[in-house]
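Numbering-wise (this note's numbering), the sequence shown opens with residue 324 and increments by one. These notes are about the structure you will find just below.
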Amino acid sequence: LACQASTTPGFQTSVIDVTSSQGVCSATAMHTAAEASSGNQVSEDQIQLHRQAKELVGCGKRGQALVLLYQGLQLYPQDRHLISLAASLETKRGNPERALQLLQPGLAAHPKHAAFVLAAAQAHAAQGNFPEARALFKQLTRAGRPNAAALQAWGNMEASAGNMQAARGCFAAALRSDPAMPHVYCSWAQLEAAAGDVQRARDILQEGNTCVPSHAPLLNLWAELEQKEGRLSVAKQLLQEALGASPGHLPSWIALGQVHWLDGDTTTARSVWREANNSAGPSAQLLSTWALHEARANNVRRARELLQEARALDPSHVPSLHAAAVMEDRAGHVGRAQALYTQAAALDPNSPQVLHARAQFY
Numbered sequence: 324l325a326c327q328a329s330t331t332p333g334f335q336t337s338v339i340d341v342t343s344s345q346g347v348c349s350a351t352a353m354h355t356a357a358e359a360s361s362g363n364q365v366s367e368d369q370i371q372l373h374r375q376a377k378e379l380v381g382c383g384k385r386g387q388a389l390v391l392l393y394q395g396l397q398l399y400p401q402d403r404h405l406i407s408l409a410a411s412l413e414t415k416r417g418n419p420e421r422a423l424q425l426l427q428p429g430l431a432a433h434p435k436h437a438a439f440v441l442a443a444a445q446a447h448a449a450q451g452n453f454p455e456a457r458a459l460f461k462q463l464t465r466a467g468r469p470n471a472a473a474l475q476a477w478g479n480m481e482a483s484a485g486n487m488q489a490a491r492g493c494f495a496a497a498l499r500s501d502p503a504m505p506h507v508y509c510s511w512a513q514l515e516a517a518a519g520d521v522q523r524a525r526d527i528l529q530e531g532n533t534c535v536p537s538h539a540p541l542l543n544l545w546a547e548l549e550q551k552e553g554r555l556s557v558a559k560q561l562l563q564e565a566l567g568a569s570p571g572h573l574p575s576w577i578a579l580g581q582v583h584w585l586d587g588d589t590t591t592a593r594s595v596w597r598e599a600n601n602s603a604g605p606s607a608q609l610l611s612t613w614a615l616h617e618a619r620a621n622n623v624r625r626a627r628e629l630l631q632e633a634r635a636l637d638p639s640h641v642p643s644l645h646a647a648a649v650m651e652d653r654a655g656h657v658g659r660a661q662a663l664y665t666q667a668a669a670l671d672p673n674s675p676q677v678l679h680a681r682a683q684f685y
């Protein structure tokens with residue numbers, strides 16, 4: 324894979340994907356160096372915030388990372404790394420408008436700041452504004468040396484636009500510049516799986532695991548692929564390997580419980596989620612997932628308890644609000660359901676999760 328020639332010319336950039344665990348680490352170093360060179364000193368507290376955000380993102384806890392970043396921005400409103408990372412996370416959580424709002428003052432003052440430009444490109448891509456996103460990516464290609472994470476972001480955008488060959492060219496160029504970039508393998512594998520070539524996706528993930536062994540997000544994605552193919556024992560093995568390498572990786576804990584549940588072993592699934600919530604949590608995402616499975620099994624009382632716990636832990640967790648609304652609606656409590664739907668819509672007015680959650684229960 325890493326030796327394939329790119330079919331998309333002109334990829335030259337010095338920016339990073341600030342929402343990957345490797346990207347956060349690189350971004351922290353880049354930000355610290357840039358601030359120091361410009362005469363703006365970065366305090367130890369700021370560096371610690373960067374590191375804590377990196378750890379949370381690496382464990383799949385983007386919501387908690389975003390809360391931490393906003394707390395940091397109250398103390399350091401001009402911290403460019405905190406701004407760019409928060410914007411990127413907002414985009415990944417489905418709020419590209421909020422991301423662009425965060426970036427606007429910084430871009431106005433620093434229009435060539437690489438991390439700002441990359442985050443803005445990703446936000447425009449998420450909105451479907453592909454011409455604007457491409458213009459920003461092209462701006463980044465003139466910034467310096469090739470960078471795998473920026474090429475990955477461009478490839479993701481081309482894939483979402485339906486330009487599969489261009490996306491493949493981006494991913495090939497990314498791996499040529501840095502073969503040890505696990506998130507590129509993940510993006511490429513997702514593209515091939517979506518195109519129906521599951522074996523090609525599997526081969527790409529195998530190549531990634533060879534280059535970067537025991538990378539939890541890559542193994543988690545591979546397990547998801549195998550689960551969809553009905554290979555539950557393989558999925559369990561991959562998830563156990565992921566958790567052996569990264570015991571705090573929450574998505575792998577959630578997925579492992581789901582695989583056990585699909586395999587008919589609900590007792591083990593509950594045990595896995597209980598252990599995960601104690602050791603890698605507490606997590607509203609995990610609790611709402613667990614509640615969804617209990618509701619499907621007609622364990623309504625337990626589902627309600629789990630959703631109440633999730634909402635107490637994170638009142639702004641939209642999936643928990645949606646799930647609770649559906650349960651109230653199903654029970655005939657129209658007023659309660661309407662209040663929960665309204666609260667969820669205020670937090671994420673464009674989310675399709677209300678319909679999705681309803682389909683999960685009925």
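Each residue gets a CB set at the ideal place from its N, CA and C atoms; glycine is no exception. Predicted, not measured: the structure shown is a model, and the values here were computed from it.
- Contact annotation, alanine 607 with aspartate 637: C-beta distance approximately 4 Å; criterion of less than 8 Å satisfied.
- Each residue's CA atom was taken as its position, placing phenylalanine 439 and alanine 472 some 14 Å apart.
- Here the C-alpha atom of serine 411 lies approximately 24 Å from the C-alpha atom of alanine 517.
- For alanine 442, the closest alpha carbon among the candidates Ala409, Arg593, Asn470, Gly417 is that of Ala409.
- About 4 Å separates the beta carbon of alanine 626 from that of glutamate 617, a gap short enough to meet the 8 Å contact definition.
- When the beta-carbon positions are compared, threonine 464 and glutamine 445 stay at least 7 Å from each other.
- Boundaries of the alpha helix (DSSP H) around tyrosine 664: 657 to 670.
- Here the alpha carbon of leucine 396 sits roughly 32 Å from the alpha carbon of leucine 629.
- The C-beta of serine 569 has 16 or more other C-beta atoms within 10 Å across all chains shown, which makes the residue buried.
- The residue from Glu598, Met504, Gly553 with its alpha-carbon nearest to that of histidine 572 is Glu598.
- Comparing C-alpha distances from arginine 525 to each of His506, Val535, Ser537, Leu548 shows the shortest one belongs to Leu548.
- A check of alpha carbon separations from leucine 561 across Ser537, Trp584, Lys551 identifies Ser537 as the nearest.
- Of the candidates Asp402, Gly417, Ala456, the residue whose Cα lies closest to the Cα of alanine 432 is Asp402.
- Inter-residue distance for histidine 645 and asparagine 486 is about 34 Å (C-alpha atoms, whole angstroms).
- Counted as a single uninterrupted DSSP element, the stretch harbouring glutamate 552 is not any alpha helix (DSSP H), since DSSP gives it neither H nor E.
- The three-state secondary structure of methionine 504, taken from DSSP, is coil.
- Comparing C-alpha distances from isoleucine 406 to each of Thr590, Arg416, Ala422 shows the shortest one belongs to Ala422.
- By the neighbour-count criterion, in which 16 or more other beta carbons inside 10 Å mark a residue as buried, serine 556 falls on the exposed side.
- When DSSP assignments are scanned along the region 422 to 479, no uninterrupted stretch of beta strand (DSSP E) that is 3 or more residues long falls wholly within it.
- Apart from the 5 residues on each side of it in sequence, alanine 635 has no Cβ closer than 7 Å to any other Cβ in its chain.
- For the pair glycine 658 and glutamine 462, the Cα-to-Cα distance works out to about 51 Å.
- Counting only the Cα atoms, asparagine 532 lies some 25 Å from serine 483.
- For aspartate 520, no alpha helix (DSSP H) segment is defined, and its DSSP state is neither H nor E.
- Boundaries of the alpha helix (DSSP H) around proline 642: 641 to 653.
- The three-state reading of DSSP puts cysteine 382 in coil, since its state is none of H, G, I, E or B.
- Annotation: proline 642 to asparagine 418 spans about 15 Å, alpha carbon to alpha carbon.
- Per DSSP, serine 575 is one residue of the alpha helix (DSSP H) stretching across 573 to 585.
- In terms of Cβ geometry, cysteine 493 and leucine 474 form a close pair [threshold 7 Å].
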